[in-house]
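Colleague: If you use full-length UniProt numbering, the sequence shown corresponds to residues 1 to 243, in order. Ideal placement from N, C-alpha and C gives every residue a C-beta, glycine not left out.
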Amino acid sequence: MLHSPPHQSPRAYQPPPIFTSQVPMDPLPRSGDLMQVRNHAAERSMAYYEELSYEKQVAATITWSLGGKQVAVTGSWDNWENVDPLWRLGKDFVIMKMLPSGVYHYRFIVDECLRYAPDVPWECDDSGNAYNVLDLQEYIPEVPPSLSEFEQPPSPPSSYDNQPLSDSDFAKLPPELPPQLQITSLNRPSSSSSDQSLLRPQHTVLNHLFIQNTDGRQPMAIGSTHRFRQKYATVVLYKPSGR
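1) Spatial neighbours of residue 212 within its chain, please: CB distance less than 8 Å, with the 5 preceding and 5 following residues excluded, ordered by chain position.
2) Could you check how far apart the C-beta atoms of residue 206 and residue 227 are, in whole angstroms? I think they sit under 8 Å.
3) Based on the DSSP output, what are the partners of residue 123 in its beta bridges?
4) Assuming residue 92 is part of the beta strand (DSSP E), what are its boundary residues?
5) Skipping 5 residues on each side, what residues in its chain have a beta carbon closer than 7 Å to that of residue 84?
6) Quick one: give me the first and last residue of the alpha helix (DSSP H) that residue 168 is part of.
7) Determine the closest residue to residue 231 out of 200, 241 and 217, with distance taken between C-alpha atoms.
8) Between the Cα of residue 133 and the Cα atoms of 160, 240, 68 and 76, which residue gives the shortest distance?
9) Count the other C-beta atoms from every protein chain shown that fall within 10 angstroms of the C-beta of residue 64, then say buried if there are 16 or more, exposed otherwise.
10) Using CA coordinates, which residue listed in 126, 98, 67 and 202 is at the minimum distance from residue 109?
11) Under 8 Å by Cβ, that's how I've got residue 137 and residue 101 pegged, so tell me the actual separation to the nearest angstrom.
12) Which residues in the same chain have their Cβ closer than 6 Å to the Cβ of residue 235, if we skip the five residues on either side of it in sequence?
13) Tell me where the beta strand (DSSP E) around residue 236 begins and ends.
14) For a test of the three-state rule: what should DSSP assign to residue 205, helix, strand or coil?
15) Sort 131, 233, 97 and 218 by Cα distance to residue 208 and report the nearest one.
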């Protein structure tokens with residue numbers, strides 16, 4: 001389950017966790033093994049980034065804002081092998097990485113202690129240990145980059161006028177109810193056909209309370225329509241008119 005942001009203190013989780021990554025990997029190194037990992041990080045990173053240069057990469061900025069003297073990061077982008085130091089920028093520590101599109105897990109190493117940032121998305125493994133999640137999946141915009149072919153031509157100036165307003169224009173009373181709110185399922189005529197489906201409600205009538213127009217002899221109906229994702233639910237309550 002993805003959390004963003006959490007409500008728990010990062011001190012509640014103790015290293016070392018074993019993560020479930022999107023690629024096969026070894027367990028996250030313990031605190032005693034961090035120095036040995038750093039000694040091999042430089043020679044391994046050269047070959048690793050040469051392989052990544054042939055893939056489409058995405059720039060990702062990782063930030064640590066919870067203090068500390070020395071901050072580094074390790075993650076599943078290289079199977080938890082390298083430890084990259086973060087640079088101090090004011091009160092924060094930051095690093096920019098070029099990574100292929102995908103979802104990655106990572107943790108911070110703050111003053112030789114494994115930590116996670118609660119102010120960005122994070123998850124827990126089966127043992128209850130927390131780690132951060134970096135989502136760099138490719139985003140396909142719904143709107144095409146160029147809309148020139150869909151644009152309507154401008155209206156000619158002759159289609160506009162500049163007639164002054166008369167007294168009758170100011171004498172008109174505003175409508176008691178916006179016309180959009182009059183289109184509700186309570187005002188539609190009932191049908192005896194059981195296979196007739198209701199039309200999709202307009203978004204303007206959602207989350208409103210409606211009272212059906214009656215002549216006083218029929219029960220009064222009160223209804224409200226709500227939407228959950230692509231589903232619509234209408235609740236109707238009937239009250240006898242004599243009470």
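Modeller: In short, the structure shows the following:
1) Closer than 8 Å at the Cβ level, and outside the excluded window around residue 212, lie 186, 187, 220, 221, 222 and 223.
2) Right, their Cβ atoms sit about 6 Å apart.
3) Per DSSP, 131.
4) From DSSP, the beta strand (DSSP E) with residue 92 extends over 92-100.
5) Non-local beta-carbon contacts of residue 84 in its own chain, meaning distances under 7 Å to residues more than five positions away in sequence, involve 72, 73 and 95 in chain order.
6) First-last of the alpha helix (DSSP H) with residue 168: 167-171.
7) Of the candidates 200, 241 and 217, the one whose C-alpha sits nearest the C-alpha of residue 231 is 200.
8) Comparing Cα-Cα distances from residue 133 to each of 160, 240, 68 and 76, the minimum goes to 76.
9) Buried is the call here.
10) Considering only alpha carbons, the answer is 67.
11) Taking the Cβ atoms as the reference, residue 137 lies roughly 6 Å from residue 101, within the contact range of under 8 Å.
12) Sequence-distant Cβ neighbours of residue 235 in its own chain, meaning closer than 6 Å and more than five residues away, are 224.
13) Taken as a continuous stretch (DSSP letters only), the beta strand (DSSP E) holding residue 236 covers 231-239.
14) Helix, per DSSP.
15) Ranking the options by Cα distance to residue 208, first place goes to 233.
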